[in-house]
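Have a look at the structure below before the remarks.
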Amino acid sequence: MNFDLTEEQGMVRDTFARFLDENSSTIRVRKAMETGGFDPALWSGLAELGAFAMRVPEDAGGMGLGVFDAALLMEEAGRTLVSGPIAEALVATRLLAQLGGAEELLEQAIAGEAVVSIAMHDLASKPVQWVAGGAVAQAVIARKGDDVVLVTVPESARKAEENLATTPIAEIDLGELDAQVLGSGAAATFEAALEEWKLYMAIGLSGIGREALRLASVYATERKAFGQLIGTFQGISHPLADLLCDVDGAKFLAWKAIHDLSEGSDEAAPCISLAYWYACDAAARSVAQGLHTFGGYGLSVEYDIHLFNLRAKAWPLVMGDPQLVLEEAGRRLYADEKPALPDVGDVPIDFDLGDEARAVCAELAGLFAKVPEETKAKFHYSWEGYVPEVHKMLAENNLLFPGLPEHLAGRKISPYARIAAMGELERQGYNTPGAGVASMVAMMIDKYGSDELKQEVLPKIVGGDVLCSLGYSEPSCGSDVFAAQCKATQLEDGSWRIDGTKMWTSGANLASYVLMLTRTNPDVPKHKGLTMFIVPLKIEGVTVQAVHTFQDERTNITFYDGVTIPDSWRLGEIDGGVRTMSAALELEHGGGFSKAINGMIEAAEEVCEELGILGETRTQCRLARTYAHLWVSDMLAYRSQWASVEKKPNHAFGPMAKMYSSEVFLSDSRDLLDLTAPLSLSKRPGAAALLNQCYRHAAGTTIYGGTSEVHRSMVAERGLGLPRTRG
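Numbering (my numbering), first residue to last: 3 to 729.
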């Protein structure tokens with residue numbers, strides 16, 4: 003897996019970033035708007051850096067670079083609001099080189115001496131069109147039936163007019179102008195170029211959106227209201243955190259499309275459409291929230307944020323309603339629509355977990371193939387899906403805790419192979435929250451436990467003979483685990499007496515031990531007076547009471563009345579519980595719910611087929627939208643995993659992945675339940691029952707491992723640099 007640029011690509015990006023910071027500052031953007039929104043000096047400077055030669059083959063006088071390289075330029079162009087039709091120019095110069103017949107114009111376009119743009123629609127049916135850069139373009143490349151033509155645009159036809167963001171767009175009657183056929187029967191070449199344009203636009207819009215969020219975050223760290231920095235208010239910080247997930251997701255969805263193209267994946271075509279549609283929506287919402295963060299000042303032309311608000315809409319809408327591209331994605335997924343696709347060249351990014359990962363997954367699949375169907379019928383996403391014989395089978399094959407070292411019954415395999423193994427368990431339907439918690443407890447005992455714990459308890463855990471539960475939350479604490487009041491009092495003989503209540507101790511009815519956070523010192527700040535213990539659940543003084551949820555799962559409330567344990571069952575130092583549990587909390591803040599979302603989509607497709615609505619546009623659009631959310635969830639999880647494995651700076655990537663995937667699981671489960679109604683109301687075995695369950699399951703995913711609000715605060719602070727939040 004790789005999310006890194008090559009050294010050369012890093013240099014290309016940094017070179018353009020430095021140039022644009024100086025030459026496309028908001029001061030320069032405003033100045034260009036005074037004369038129609040085009041900056042000739044900036045255009046010439048970009049040409050000198052090779053911008054318009056990037057996608058031109060070397061034998062035609064260009065640099066022969068790939069789509070990913072040009073996308074790096076587009077992200078910076080979006081961030082700095084480049085004044086000119088840059089995405090269109092990148093596509094147009096490549097078309098001129100591919101089709102030939104206009105070599106002099108190509109040289110001029112590469113040199114920045116001429117602006118060449120593209121028309122979005124077939125001239126045969128739509129001769130009058132809005133053209134990006136049409137007010138300054140000397141020529142426009144367009145499709146006309148099966149041909150590709152070059153339309154020369156005289157100055158008299160370039161009629162600029164006031165528009166939303168003061169960009170050099172123009173409505174031109176291209177059918178009335180002189181046209182040269184560049185390629186007879188070359189419509190597919192032009193179609194592929196438009197697909198490339200969608201990718202550039204998606205990346206550029208993500209750059210616009212992210213910069214708007216940065217500006218808003220900087221403002222929120224300086225502006226005060228009611229005596230507090232406004233960035234400390236969750237009403238300000240949490241929407242910005244949500245949108246950071248969206249704009250990063252938009253970029254990575256385009257990255258996925260580029261990667262899919264390089265691999266020849268069937269997902270490439272729909273992913274292009276979804277990347278474009280998703281970026282249009284994410285950028286529009288991001289700039290709007292960015293402006294809202296400034297309050298009344300955001301409405302003032304004195305503040306730059308309004309420039310991003312307008313440009314985020316002006317760039318893509320030259321093609322028309324983005325919703326039409328969502329419909330296009332639906333047809334590509336469900337109506338076998340197959341567009342011509344571009345050659346993207348070399349792509350450095352990679353989301354493959356490797357051969358070792360595939361081998362481990364194949365081994366797991368082989369084991370599960372031997373599990374009887376009546377046993378598989380017991381599988382469930384919750385703790386109640388725990389099957390002792392399957393748990394033991396995995397332990398005996400050192401696949402229950404693949405992420406742990408060998409001495410803890412793990413495997414000496416790569417972190418990516420471990421990630422793949424956990425994904426394969428989910429694919430097999432054996433969701434293992436019990437194994438996940440047992441893995442965490444084993445790690446904690448190995449790191450902080452006494453010799454007694456390591457000899458008496460640890461072998462039972464790693465051998466697959468017992469389960470463990472988590473005792474963090476309490477009835478009055480919620481996600482604020484550091485407010486724990488369950489009391490541990492040290493007795494004269496050094497042992498500890500535990501009294502109190504723990505809430506949401508899922509699996510306590512199945513487990514032998516609980517990893518418990520207790521209050522050992524009430525006279526110090528709450529996070530300093532905590533201590534962690536391993537507490538047996540099958541001893542006198544422990545009561546486990548069932549709490550059933552509407553999600554077809556059981557959790558528990560557990561009561562501890564004078565439970566006595568030796569000091570040797572303590573983990574870490576007295577009053578040092580926060581430090582001890584920090585590793586465990588970090589483990590809970592990764593991952594996501596992509597596998598559940600994927601299963602939900604497959605069930606929805608089956609039910610839609612049964613209802614006879616899979617061919618309807620509304621159905622295809624809503625399923626396509628869910629696919630966009632699934633793929634963004636995947637990409638955010640991949641980035642989190644990659645950053646963790648490769649020890650990269652991690653700006654709350656794990657919380658982003660978990661929070662985003664749980665929130666879209668919740669919203670999409672609701673929407674697909676609507677789409678497939680009334681059959682989705684049924685719990686009859688099969689796809690309908692699964693959709694029904696997904697709707698109920700999704701509600702809990704925004705709470706498990708810390709609520710979305712907790713994760714939004716982490717994303718706001720670590721991803722956007724906002725101050726610690728408050729209600």
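Note that CB positions come from ideal geometry on N, CA and C, so glycine has one too. Bear in mind the structure is a predicted one, so any value in this text is a computation, not a measurement.
Using alpha carbons as the reference points, say which of the options lies closest to residue i.
| i | options | result |
| --- | --- | --- |
| GLU426 | VAL14, ILE463 and ALA359 | ALA359 |
| ARG620 | GLY578, GLU109, ASP673 and GLU24 | ASP673 |
| ALA654 | GLU391, GLU648 and SER642 | SER642 |
| PRO538 | LYS530, ILE205, ASN600 and TRP498 | TRP498 |
| GLY292 | SER264, TYR221, ALA256 and GLU339 | TYR221 |
| PRO374 | ILE559, LEU693 and VAL392 | VAL392 |
| ALA701 | SER664, LYS128 and GLU178 | SER664 |
| THR545 | GLY502, VAL118 and THR582 | GLY502 |
| GLN182 | THR154, TYR202 and ALA162 | THR154 |
| ASP636 | LEU532, LEU355 and MET445 | LEU355 |
| THR168 | ASP323, VAL142, LEU107 and TRP317 | TRP317 |
| LEU196 | HIS240, ALA367, THR703 and VAL69 | VAL69 |
| ALA194 | PRO461, ALA144 and ASN523 | ALA144 |
| GLU428 | ILE415, GLU458, HIS382 and GLY177 | HIS382 |
| TRP279 | ILE705, GLU711 and ALA626 | ALA626 |
| ASP467 | MET424, GLU198, ALA440 and ASP448 | ALA440 |
| LEU67 | GLU105, GLY347, LYS340 and ASP250 | GLY347 |
| VAL580 | GLY531, VAL609 and MET321 | GLY531 |
| ILE205 | LEU75, ALA121 and SER127 | LEU75 |
| ALA188 | ASP268, LEU176 and LEU152 | LEU152 |
Suppose the cutoff is 8 Å on Cβ atoms and the five residues either side in sequence are ignored; what does the same chain contact list for residue i look like?
| i | result |
| --- | --- |
| THR191 | LEU97, GLN100, LEU101, VAL150, GLY185 and ALA342 |
| ASP352 | MET3, ASN4 and HIS261 |
| MET478 | Checking the displayed sequence, the identity of residue 478 turns out to be Ser instead of Met. Hits under 8 Å: ALA485 and GLN487. |
| HIS591 | For HIS591, the predicted model reports a pLDDT of 42, less than 50, meaning its position is unreliable; a value from the coordinates is still stated below. So the list reads GLY656, PRO657, LYS660, GLY707, GLY708, HIS713 and MET716, once near-sequence residues are dropped. |
| ARG32 | LEU309 |
Hey, could you find the ends of the alpha helix (DSSP H) residue i is sitting in?
| i | result |
| --- | --- |
| SER471 | Taken as a continuous stretch (DSSP letters only), SER471 belongs to no alpha helix (DSSP H), being part of the beta strand (DSSP E) at 470-473. |
| PHE312 | According to the sequence as given, residue 312 is Leu; it is not Phe. 307-316 is the span of the alpha helix (DSSP H), which, as asked, contains LEU312. |
| THR704 | Neither: THR704 is in no alpha helix (DSSP H) and is coded neither H nor E. |
| THR628 | 619-647 |
| LEU176 | LEU176 -> no alpha helix (DSSP H), and no H or E assigned at all. |
| ALA290 | 270-295 |
| TRP45 | 42-50 |
| VAL666 | 655-677 |
| ASP250 | 236-265 |
| ARG30 | 28-35 |
Along the chain, where does the beta strand (DSSP E) that runs through residue i open and close?
| i | result |
| --- | --- |
| THR434 | Run containing THR434: none; DSSP gives neither H nor E here. |
| THR545 | 544-550 |
| TYR515 | 515-521 |
| LYS504 | 498-505 |
| THR191 | Where THR191 is concerned, there is no enclosing beta strand (DSSP E), although the alpha helix (DSSP H) it sits in stretches over 189-222. |
| ASP149 | 149-154 |
| GLY564 | 556-567 |
| PHE535 | 532-538 |
| ALA181 | 181-185 |
| ARG145 | 141-146 |
| LYS597 | No beta strand (DSSP E) contains LYS597, which is instead part of the alpha helix (DSSP H) from 596-613. |
So residue i and residue j are in contact, right, with Cβ under 8 Å, and what is the actual spacing, rounded?
| i | j | result |
| --- | --- | --- |
| PRO651 | MET716 | Not quite, the Cβ-Cβ distance comes to about 15 Å (not below 8 Å), so this is no contact. |
| LEU519 | MET534 | 6 Å |
| GLY465 | ALA397 | 6 Å |
| LEU681 | LEU613 | 6 Å |
| PHE54 | LEU22 | In fact, because the Cβ distance is near 15 Å, the residues do not count as touching under 8 Å. |
| GLY266 | TYR450 | Contact flag wrong, Cβ pair sits at about 49 Å. |
Who are the near neighbours of residue i in its chain, counting only those whose CB is closer than 7 Å to its CB and skipping five residues on each side?
| i | result |
| --- | --- |
| LEU589 | In this prediction, LEU589 scores a pLDDT of 48, lower than 50, which makes its location untrustworthy; no coordinate-derived value is stated. |
| PRO725 | THR223, LEU231, GLY233 and THR234 |
| GLY300 | LEU293, HIS294, ILE307 and HIS308 |
| SER746 | Residue coverage of the chain in this structure runs from 3 to 729, which leaves residue 746 outside it and unanswerable. |
| ASN311 | VAL289, ALA290 and LEU293 |
If you drop the 5 nearest sequence neighbours on each side, which residues of the same chain put their C-beta closer than 6 Å to that of residue i?
| i | result |
| --- | --- |
| HIS550 | ARG556 |
| ASN400 | ALA411 and ARG413 |
| MET65 | GLY52, ALA55 and MET56 |
| VAL666 | HIS631 |
| MET13 | none |
| ALA419 | GLU358, ALA359 and VAL362 |
| GLY594 | SER635, ALA639, ALA659, LYS660 and SER663 |
Quick one: does the C-beta of residue i sit closer than 8 Å to a heavy atom of the ligand FAD?
| i | result |
| --- | --- |
| ASP23 | Inclusion of the ligand FAD in the displayed structure is not the case, the ligand content being empty and no account of it being possible. |
Sequence ranges, alpha helix (DSSP H) only - wholly within the segment 54-122, length at least 4: 69-81, 88-101 and 105-112
Review point. At what residue ranges does the segment 356-438 contain a whole run of the alpha helix (DSSP H), taking only runs of 4 or more?
Key: Counting only runs of 4 or more, we get 357-371, 375-378, 390-398 and 417-429.
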